[in-house]
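Below: the structure, in structure tokens.
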Amino acid sequence: MCIFQRTRWLTSTFLLVCTTWHVGAFPSLAEGSRTLYPSGALGNRANAEWRTNQYGSPNFVTGGGFGGVLRRTLFKVYAKAGENILVGSTANGVAGDGSAVGSILIYNPNRVSGFIGNESIPGTPDFNCNTDQPGNGTMISRAEELAGPESVDGLNNLAGYTPCTYTAPVEGIYDVIFTGPDGFNTSSNGTVAADVALSNPNNFNGNQGGTIAGWDVTVRSNDPSSTTDFEGRLFAYYFAFFTGGNGRPLFYTTYPITNDGYRYSNELRGLDPNGALFYGNQVGFFDSDGQTPLYHDVIGDGFQINNPEGGVRFSRPQFPIFFNPVDTDALPFIQTYNPDGTTGSIGIPSIPAPPNISAPVFVGNSSGNSSFLGGGGTFTFSTSIAGNYQIIISSDNDPSDGTNFDPTDPTNRVLRGTLDTPGAATVSWNGKDNAGNDFPVGDDYPVRLTVHAGEYHFPFLDAENDAQGSTITLLNAVNPLGNTTAFYDDRTYRTLNGTTVGIPPQTLPVGSTALCGINPPSPTFSDPLNGFSTTSFDRAFGQTSGGNTNTKCTGSFGDTKGLDLWTYLPTSPSFIPLNVISNSQLLLVKRITAVNGVDISGFDNNDGRTEDDNANWPTPKSTSLRGSTSSGIIAPGDEVEFTIYFLSAGDSDVTNVRLCDLVPDNMTLTADAFASLAPLDAGGLGGTDVGIALGFNTTSVPSTPSVYLTNLADGDRGQFFSPNTEAPAACNENNFSVPLPALENLRGAVVVDVATSPDVIPNATNPGDPANSYGFIRFRAIVD
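Position one of the sequence shown corresponds to residue 0 (numbering that gives the first Met the number 0), numbered consecutively onward.
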């Protein structure tokens with residue numbers, strides 16, 4: 000994987016994080032810089048660093064907090080008890096500034112501890128090359144680098160360098176530190192020649208500063224005459240390298256391995272870093288919640304990409320990266336790490352377990368697999384592996400033309416996360432699509448569920464240019480997507496907190512264009528489900544050199560960004576259907592609003608019902624719910640006005656609303672109650688036989704409804720069903736699917752079609768908002 004970040008200290012530098020493998024057929028020899036730069040190697044050299052500066056501070060998630068990754072390379076090497084660890088470098092014993100001198104330190108297993116990238120180094124090593132074997136461990140030429148160490152007895156491989164030798168007391172993982180001539184505690188860049196041939200004297204003198212041009216860690220048997228190197232033993236969780244400038248592309252290969260045992264080779268094909276931090280992890284970057292894998296790039300300020308847009312964060316270095324294909328004897332001893340840098344278990348399987356999913360189920364917040372509009376629900380499933388999951392809810396419920404499962408489509412919804420252990424998993428959905436809108440009402444929306452094995456992300460931090468892109472190859476399994484398949488997405492996007500990331504943030508639809516910068520990749524994203532072949536040039540970006548402005552959106556495409564490149568093996572997809580149903584709700588409140596033509600003012604809630612407590616009734620309620628639950632003392636011949644208020648109080652529009660109210664016992668409908676108020680064309684009858692009123696959002700003048708309806712079946716929205724006639728099912732409170740029998744319609748029924756298709760009553764989101772979410776029907780009756 001690769002992460003590159005430009006930094007600026009005394010000179011301009013650049014951070015690169017990545018694992019790669021070399022183009023060409025040169026044989027790898029032993030473990031060290033000669034592995035990365037064998038005879039005939041292309042491109043340039045990056046010096047290893049040991050410095051006190053940090054990359055990415057404070058943007059890396061660290062066990063619940065934030066921090067950076069130190070600019071240093073902490074090497075790890077596996078050795079069995081009695082085996083010899085041979086070490087040397089171009090800086091060992093070389094004097095730097097002041098009294099400092101380059102050194103090589105070795106620590107026994109389990110002595111180095113702490114967060115990955117910020118480890119605690121004990122004050123006293125178990126072996127110090129300078130003091131324990133003075134005069135040894137110094138490379139003085141390219142020929143010595145390529146030849147590797149002499150035998151311990153000095154009788155064989157005489158073309159090599161004379162090593163310092165440490166005999167491993169126990170089997171396990173040893174820590175090895177190379178410091179430059181400026182010593183253990185320095186922030187010096189040094190003067191880096193960056194030449195593979197080591198032809199410049201600065202590769203061997205004190206000008207290396209806080210860097211080391213050539214270095215070697217070789218494991219051999221306890222036979223002092225042996226020249227047989229045990230390869231696949233040396234690795235690191237992160238590499239801090241320095242080329243000293245742009246236009247110095249790198250071509251080499253490394254071999255990362257995931258916690259679940261999937262092994263890759265990663266080939267750099269012209270990545271152009273300056274300062275470089277190489278690492279890999281399970282998630283790349285975190286979304287704004289600090290927990291969800293982002294699967295997008297990061298834009299920030301300057302070489303450290305501070306203040307990332309949208310509140311996203313960096314996941315820490317996590318997986319071991321080897322210089323040769325791993326010696327499987329080392330796997331049981333390797334410490335695994337979590338994406339936040341905390342320690343996991345010890346040991347990586349030599350044979351990765353194939354992934355599978357079982358028992359996928361969706362339970363909506365209504366019933367079964369149905370969810371109310373905007374309500375969401377819960378997905379449950381079991382998986383045989385730990386890893387990242389991806390759930391895609393497609394808005395395309397018409398499979399006739401192929402279902403759209405694009406996880407970046409704004410009208411779809413993707414849910415992603417990490418599973419720390421195999422077994423049962425539960426994932427919640429809030430009912431929204433990727434754009435933050437409610438998933439629309441509909442049946443049988445298809446859901447695609449996968450879990451990823453062997454997921455490996457290769458972040459590029461502030462990597463301005465890459466001539467061809469990196470090639471990633473799966474080595475010990477068959478990926479159904481293809482063993483050189485990976486993914487990238489260099490477009491604008493929206494974070495979980497609703498922030499749009501990209502330039503320009505408002506003028507273009509999210510995901511329609513590449514992030515800012517000179518020469519973005521073409522295409523700007525890979526196929527979201529099937530990926531792209533990393534043997535292609537699709538992910539090349541930037542220029543041949545330069546482009547490092549350290550100012551957002553002004554340099555090459557990789558400048559001031561974190562670019563993610565990732566790969567994984569998906570399980571066979573599991574498909575689950577779900578339904579979204581209307582969660583409409585219509586509140587009804589009945590009041591007496593006038594007696595004998597005298598309006599009742601104010602508002603009371605003496606019936607103790609809760610319908611009129613809803614916060615979205617228009618204010619003041621003395622207007623919107625004017626009236627009383629009691630008329631006081633009335634006598635035969637008195638006229639009482641009844642008003643039934645309604646409010647769309649659910650999470651969705653109300654459709655097909657027919658309201659029915661039966662005239663109370665011992666009362667008779669006033670057939671021409673509103674004849675004097677109705678326009679001449681009301682019902683086409685010139686204002687006669689008008690006994691029903693319908694109002695929408697008329698709180699300012701509640702006595703003046705917007706529509707007056709006749710009592711007849713004449714095509715308007717209202718009708719009065721005379722006593723002892725069959726009334727609509729809306730009048731049957733015992734069974735709304737069966738008409739009300741004539742013998743139960745004793746005094747007549749007022750029926751109003753308030754909302755008929757395609758009409759709707761929109762749901763209220765605030766008091767009186769939107770218009771027409773509130774209204775009423777009204778009629779009058781005389782006491783017999």
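All C-beta atoms, glycine included, are put in the ideal place defined by N, C-alpha and C.
Start-to-end residues for the alpha helix (DSSP H) that takes in residue i
| i | result |
| --- | --- |
| Cys-128 | 128-131 |
| Leu-145 | 141-146 |
| Ser-32 | 32-35 |
Range of the contiguous beta strand (DSSP E) that encloses residue i
| i | result |
| --- | --- |
| Glu-732 | Looking at the DSSP string, Glu-732 is not in any beta strand (DSSP E), and its letter there is neither H nor E. |
| Lys-620 | Not the beta strand (DSSP E): Lys-620 falls in the alpha helix (DSSP H), residues 620-623. |
| Thr-382 | 376-382 |
| Cys-163 | 163-166 |
| Trp-428 | 422-428 |
| Thr-185 | Looking at the DSSP string, Thr-185 is not in any beta strand (DSSP E), and its letter there is neither H nor E. |
| Leu-514 | Where Leu-514 is concerned, there is no enclosing beta strand (DSSP E), given that its DSSP letter is neither H nor E. |
| Arg-608 | Taken as a continuous stretch (DSSP letters only), Arg-608 belongs to no beta strand (DSSP E), as it is neither H nor E. |
| Cys-552 | Per DSSP, Cys-552 belongs to no beta strand (DSSP E) and is neither H nor E. |
| Asn-655 | 653-661 |
| Glu-638 | 638-647 |
| Glu-266 | 263-266 |
| Trp-784 | The question about residue 784 has no answer, for the chain in this structure spans 0 to 783. |
| Leu-708 | 706-709 |
Given residue i as reference, the closest of the options once Cα atoms are compared
| i | options | result |
| --- | --- | --- |
| Ser-647 | Thr-335, Gly-209, Tyr-773, Phe-556 | Tyr-773 |
| Ala-358 | Ile-320, Thr-425, Asn-188, Val-440 | Thr-425 |
| Asp-346 | Gly-260, Pro-619, Pro-727, Ser-186 | For the sequence presented, residue 346 should be read as Gly rather than Asp. Out of Gly-260, Pro-619, Pro-727, Ser-186, Gly-260 has the C-alpha closest to the C-alpha of Gly-346. |
| Asp-465 | Gly-269, Val-93, Leu-154 | Gly-269 |
| Tyr-173 | Ile-139, Leu-154, Arg-141, Thr-217 | Thr-217 |
| Gly-415 | Phe-775, Ala-728, Tyr-388 | Just to set this straight, residue 415 is Arg in the shown sequence, not Gly. Nearest of Phe-775, Ala-728, Tyr-388 to Arg-415, Cα basis: Tyr-388. |
| Asn-155 | Thr-227, Asn-204, Ser-140 | Thr-227 |
| Gly-81 | Glu-266, Gly-373, Asp-715, Ser-220 | Ser-220 |
| Trp-49 | Gly-39, Gly-97, Gly-116, Asn-83 | Gly-116 |
| Asp-405 | Asn-305, Asn-265, Gly-510, Ile-643 | Gly-510 |
Buried versus exposed call for residue i [16 or more other C-beta atoms within 10 Å across all chains shown]
| i | result |
| --- | --- |
| Ala-485 | buried |
| Phe-238 | buried |
| Arg-608 | exposed |
| Gly-113 | exposed |
| Leu-586 | buried |
| Glu-640 | buried |
| Phe-13 | Only weak support exists for where Phe-13 lies, its pLDDT of 33 falling under 50; the value from the coordinates is given anyway. Per the 10 Å Cβ criterion, buried. |
| Thr-379 | exposed |
| Asp-215 | buried |
| Glu-732 | exposed |
| Asp-222 | exposed |
| Pro-701 | Low confidence applies to Pro-701: its pLDDT is 41, below 50, so where it sits in the model is not reliable enough to give any reading. |
| Thr-417 | buried |
| Asn-809 | This structure gives no information on residue 809, because the portion of the chain shown stretches from 0 to 783. |
| Pro-663 | exposed |
| Ser-88 | buried |
| Thr-384 | In the sequence under discussion, the amino acid at residue 384 is Ile, which differs from the Thr named in the question. That one is buried. |
| Ser-187 | buried |
Beta-ladder partner(s) of residue i, from DSSP
| i | result |
| --- | --- |
| Gln-53 | Leu-69 |
| Tyr-278 | Tyr-237 |
| Pro-121 | Paired residues: none, contrary to the question. |
| Ala-452 | Leu-568 |
| Val-195 | DSSP, once it has assigned bridges, lists no residue as partnering Val-195. |
| Met-666 | Val-782 |
Straight-line Cα distance separating residue j from residue i
| i | j | result |
| --- | --- | --- |
| Pro-26 | Pro-527 | Legend: pLDDT at Pro-26 = 39, less than 50; position of this residue unreliable, no value from coordinates given. |
| Phe-240 | Leu-73 | 12 Å |
| Thr-491 | Ala-158 | 55 Å |
| Asn-184 | Thr-178 | 9 Å |
| Arg-777 | Ala-672 | 10 Å |
| Leu-480 | Thr-242 | 35 Å |
| Asp-558 | Asp-300 | 10 Å |
| Pro-148 | Gly-208 | 24 Å |
| Thr-534 | Ile-471 | 8 Å |
| His-21 | Arg-538 | Low per-residue confidence applies at His-21: pLDDT is 33, beneath 50, and the placement is therefore not dependable enough to give any value. |
| Ile-633 | Val-782 | 8 Å |
| Ala-29 | Gly-122 | 29 Å |
| Phe-695 | Asn-433 | 34 Å |
| Asp-419 | Ala-196 | 45 Å |
Residue i at chain B interface by Cβ criterion, 7 Å
| i | result |
| --- | --- |
| Thr-377 | Given the protein chain composition of this structure (a single chain), no chain B is represented. |
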